[in-house]
Each structure stands twice: as C-alpha cells, then as structure tokens.
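Residue numbers for the sequence shown follow the numbering used here, so the first one is 14 and each next one is one higher.
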Amino acid sequence: MSSKLDQFIDADKLKQDVSVNLADLDNCMVEQPSLYIYYASLTVQARRQHDKWKNAAEILESQLYSHYRTEMSAAGAKVTEAQIQAAVKTDARYSKVYSNIIEAQSIWRMCEAAENAFNQRKDLILELARDRRKENEGKMRVLSAEHQRQSVLQNLAEHNTEKAG
Numbered sequence: 014m015s016s017k018l019d020q021f022i023d024a025d026k027l028k029q030d031v032s033v034n035l036a037d038l039d040n041c042m043v044e045q046p047s048l049y050i051y052y053a054s055l056t057v058q059a060r061r062q063h064d065k066w067k068n069a070a071e072i073l074e075s076q077l078y079s080h081y082r083t084e085m086s087a088a089g090a091k092v093t094e095a096q097i098q099a100a101v102k103t104d105a106r107y108s109k110v111y112s113n114i115i116e117a118q119s120i121w122r123m124c125e126a127a128e129n130a131f132n133q134r135k136d137l138i139l140e141l142a143r144d145r146r147k148e149n150e151g152k153m154r155v156l157s158a159e160h161q162r163q164s165v166l167q168n169l170a171e172h173n174t175e176k177a178g
C-alpha cells in the first residue's frame, strides 16, 4: 500500500463551490444536487482510504507480534505479552502506519465537513428562495392594487364624462 494519502478536498474549490450567488439563485438551486453528490462521493472515498489504512495496520500489527514473539523466544528468555507489545509499538513501521491512519481520519472528517456544508448551503438556498417568493408576492399585491386603483379611476373618469355629456 502506498504511503501517500489522497487529500480529496481542495479548500479553494470547496470555498467557491459552497458559495451562493444571490444574483443567480436559480443556477445555485440547479447545481446544488450535483455538488452535494460530488462532495458526498469524496467522503465515501476518504472513508474507504481510512478503512484500508486501518486494515493494513491490523495486519502489520499481527505480523509484528508474530515476528517479535518468534525473535524473543529464539533468544531463550521468558517472553511476556507486555514485552512483545512494547516491541511492536516502538517499531517504526507500526508508527508510520498509525500516523497514516490519523491523517486519513482527518481527511475523512474534512470531507464530512464539506458534505455538511452543502446541507447548510441547501438550507440557505431554500430560505433565500422563500424570501424571494414572498418579496415577489408583495410586489404582485402592490401591482394588483395599483391596477385596481387605475381601473377605478378610469371608471370614474368615464362615468363623469358620461354625466357631463
């Protein structure tokens, strides 16, 4: 297994993707599902990476226990579990694998945070859309009232013209 970990999240791209353009709210609504699924898939990949490292650590730990038990027993001294465990825990290979598990878990958590940001983005978009709808309803009421007012004034003018003539 390669010791290089995939980072998955580009912070600048995430910042750009999670932002909401108030001037183009319709496009934000349209792109939301695809952005969410993209970042959710990164979370899955990061979790898989973490789980692979965890599995590799368990295998290595088992191999190191066997190696150190055999090596210490061959020396002829009485071997305790604590001695074997100490030898395993101080082995550089063990430390490296566990460092990668910690880093892989951090990457996975960052991906989860990004995924959660898109849930918050969705909520924000919905709230902005509701506000815009209410605002438009208010404008429509004003326009409707103005239209009714103009209609009444026109009817009065026609009625007054008929009376005068």
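In this text, a Cβ means the ideal position worked out from N, Cα and C, and glycines have one as well.
All of these numbers come straight from a predicted model, not from anything done at the bench.
For the pair of segments examined, the stretch 118 to 129 was found to touch the stretch 54 to 65: the number of CB pairs separated by less than 8 Å reaches three. DSSP places V31 in the helix class (H, G or I) of the three-state scheme. For A24, the three-state secondary structure derived from DSSP is helix. Taking the CA atoms as reference points, L139 sits about 14 Å from V31. Put simply, of G89, L137, L27, A170 the residue whose alpha carbon is nearest the alpha carbon of M42 is L137. The criterion of a C-beta distance shorter than 7 Å is not satisfied by L55 and A117.
The three-state reading of DSSP puts V92 in coil, since its state is none of H, G, I, E or B. Selection W66, K26, A36, L73 evaluated against L48 yields K26 as nearest (Cα-Cα). At a Cβ-Cβ threshold of 7 Å, L77 and D104 count as neighbours. The C-alpha of L141 is placed about 10 Å away from the C-alpha of V33. The beta-carbon distance between A69 and V101, rounded to whole angstroms, is 15 Å. This is too long to meet the 8 Å contact definition.
Taking 7 Å as the cut-off, the beta carbon of N129 is found no closer than this to the beta carbon of W66. For T174, the secondary structure class from DSSP, reduced to helix, strand or coil, is helix.
For the stretch 77 to 148, there is no continuous beta strand (DSSP E) assignment of 3+ residues that stays within its boundaries. In this structure, DSSP gives M14 a state outside helix and strand, which the three-state scheme calls coil. Closest by C-alpha distance to F21, out of T93, A126, E94, is A126.
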